[in-house]
Amino acid sequence: MDCSLLLIVSLGLVAVVLFLWWKGIVHHGRILPPGPTSISVLKDTLKALKEGNLHHLAENWAKQYGDLVLCRTVIGDLCFLNSAHLVREVFDGKKTENVTNDRPSTFVGSYVYYNYSDVAFGGPARSRHWHKLRKLLHSAIKFYGDGVERLESALQAELARLVQSVEARVEGSVSRDAIEKTCQLEMHSFYSRSLQRILTAVLTGEAPEHDCELPALLGQFVEAADKGITPTTDSALRLFPFLRFLPGSYYRQLCGNLQTLRDALISGLLDKAQATRVPGQPRGIVDVLLDEQKKEGNDWLNDDNIRGILLNIVGGAYITSLETLKTLFFFLVHNPGVAANIQREIDHNIGQRQPGLADRENLPYTEAAVLETLRLSSFVPLGAVHVATGEFTVNGMQIPKGSVLFQNLWVMNRDPNVWGDSENFRPERFLDDEGQLLSALHPIRQSFLPFGVGKRSCPGEHFARSRVFLYVTTLLQKFDFLPPTDRKLLPWTRDSWTDAAVLQLKPYQLTVRQRS
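This is how it looks when you write it as structure tokens:
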């Protein structure tokens, strides 16, 4: 009897595995992409979502199943696009773009972004209203993107202040018998405060006063929103919305904090602007949006749309720029030869004058170092999530309606067939034989999608890269960045980043030495 029971159980397990395998390959006559079919796949997926490292699990699946992976679970279908070619075809292809560019429902989109009244979480992407909102977002950013003088002036003013503050700290740290002028800086707070001030100035058109609360509110809101958008938190609040009302619960505290910070931030941005603005003479992005709302025929643009777009700009412009700068200087300290190359390029082309955006075309190595940082770090490892609103075909295989679509940047940016020594920090990979930046149409650049493609691509690429360029050139012109003197430098391992919706480099300190 024991042997018979064992045989029945074994046959049952085999049948389940075969059924899962069959479901993963053929479903009602459709050819589906390959993917994991073991009984443990749901447990593995939920564990990865909880720990924030789904990209590591997806990396293993990509090695096993290839460029297109479909993971079928009781909580839904997850589709991973593991090559730039597939991402372009799915999100920007004429046959598929109308069913692949919407967002899945999220608690943050509903609760924080005024019931999907924004661009990033809102939709549907094929609707006329959403296209109008996206066009407005583009025009607001373009106020600085095309108005180079405005952007440059705001950045240079803040960077001059930042340089003065570092020089003061260096002078204050120097003893009488010191040979070199140095100080220790904690890099997260160093960059975060400055970026908060820059973004406040860009939004309002005015440099914040010393006692202005807006910069700090901006940073606090983004950090709280980043916690709210994690898969585990978002899923819990979507499935059980009553959790935010439970006294003493983590979810009640998080939601209350998010709403308080959001309302204070939006009030701080809009109240003064509405009271002091001169129609037709915008000082910053807030004024641009308010001017648009007052134009004849723009009744479709309501207050929640304005608020949602402002939150999109805050969320999109702050944390990724912060992580780019933190990680770039972290890489430079681990690769001092690259830092020296950038400084030689700055010294040769700029000298001692203040760097400007026009210098970008003459500093290809510096530009390449920024691109290499975006590639190797992959801060948003699975990209911004899409959902399939209809079934579609790619590579001869069907992707079911309702599938969550991930652009696996983590795998794409480490593909040895594209990058060769993909784990090394080597800016030269973005340069041609003459040392010039590769064209955007070069196969290497076409394989690199840090800002996405298609209708949902990031509209702030020029804005973001301009900010980072001026920070890098201004700081490396004036200072050397070296390992800390009173502790070990944070090691360069995967564990040095905190897994989350946006990968974040753990706190670290550097020594800053004034250049002679």
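Each residue of the sequence shown is one higher than the last, beginning at 1 in this note's numbering. Heads up, the beta-carbon is just placed ideally off N, CA and C, and yes, glycines get one too.
Strand pairing of I399, partner residues [DSSP] | F392
Less than 7 Å separating the beta-carbons of G460 and I141?
-> yes
Measure from the alpha carbon of G256 to the alpha carbon of each residue in I266, I198, F245, then state which is nearest.
-> F245
Can you tell me whether A275 is buried or exposed, with buried defined as 16 or more other CB within 10 angstroms of its CB?
-> exposed
Just the Cα atoms here: how many angstroms apart are H129 and A62?
-> 37 Å
Burial state of T393 (16 or more Cβ within 10 Å) | exposed
Have a look at Y251 and Y116 and give me their C-alpha separation to the nearest angstrom.
-> 20 Å
So, does the CB of D433 fall closer than 7 Å to a CB anywhere in chain C?
-> This model lacks chain C altogether; it includes just one protein chain.
Within this structure, are the beta carbons of T230 and A501 separated by less than 7 Å?
-> yes
CA nearest to the CA of R262, picked from L301, C458, L218, D226 | L218
Looking at the unbroken beta strand (DSSP E) that takes in Q407, where does it start and where does it end?
-> 404-407
Delimiting residues of the beta strand (DSSP E) encompassing L482 | 479-482
Pull up the distance between the alpha-carbon of I309 and that of P381, whole angstroms please.
-> 24 Å
Can you give me the Cβ contacts of A201 inside the same chain, cut-off strictly under 6 Å, excluding the 5 residues immediately before and after it?
-> A154, A207
Below 7 Å CB to CB, which residues in the same chain sit around M397 once its five sequence neighbours on both sides are set aside?
-> I31, L32, P33, L68
Can you give, in chain order, each stretch of the alpha helix (DSSP H) that sits fully within the segment 199-249 and has at least 4 residues?
-> 214-228, 231-239
For the alpha helix (DSSP H) that D486 lies in, which residues bound it at each end?
-> Element bounds for D486: n/a, residue is neither H nor E.
Cutoff 6 Å; reference L78; Cβ partners in own chain excluding five residues on either side | C71, V404
Cβ-based neighbour list, L332, same chain, cut-off 7 Å, excluding 5 preceding and 5 following = V338, A339, F481
Report back the beta-carbon spacing between V524 and L137 to the nearest angstrom; my notes put them in contact at under 8 Å.
-> Past the edges of the chain, shown from 1 to 516, lies residue 524, and the structure says nothing about it.
Exposed or buried, which one is I198 when buried takes at least 16 other CB atoms within 10 Å?
-> buried
Label N60 either buried or exposed according to how many other C-beta atoms from any shown protein chain fall within 10 Å of its C-beta, with 16 as the threshold for buried.
-> exposed
Is there contact here, the segment 91-102 with the segment 453-473, by at least three beta-carbon pairs under 8 Å?
-> yes
Alpha carbon to alpha carbon, what distance is there between R283 and T204?
-> 7 Å
Can you check DSSP and say which residues form a bridge with R513?
-> T182, D480
Which of the three DSSP states, helix, strand or coil, is assigned to L438?
-> coil
Assuming L476 contacts I346 under a Cβ cut-off of 8 Å, what Cβ separation, rounded to an integer in Å, is found between them?
-> 6 Å
In the DSSP assignment, find the unbroken beta strand (DSSP E) run with F330 in it and report its ends.
-> Segment 303-334 is the alpha helix (DSSP H) holding F330; no beta strand (DSSP E) there.
Do you know whose CA, among R353, W410, P364, lies nearest T563's CA?
-> Outside the shown range of the chain, which is 1 to 516, sits residue 563, and nothing can be said about it.
Would DSSP call Q64 helix, strand or coil?
-> helix
Residue(s) in a DSSP beta bridge with D102 | V387
Tell me whether the beta-carbon of N341 lies closer than 7 Å to the beta-carbon of Y365.
-> yes
Check L290 in the structure and name its three-state DSSP category.
-> helix
Presumed contact (8 Å Cβ cut-off) between V166 and F430, rounded CB distance = Between F430 and V166 the Cβ distance is about 29 Å, and since that is not below 8 Å, they are no contact.
Distance between beta carbons of H334 and W492, contact taken as under 8 Å | 5 Å
Check whether the Cβ atoms of A384 and T100 lie closer than 7 Å to each other.
-> no
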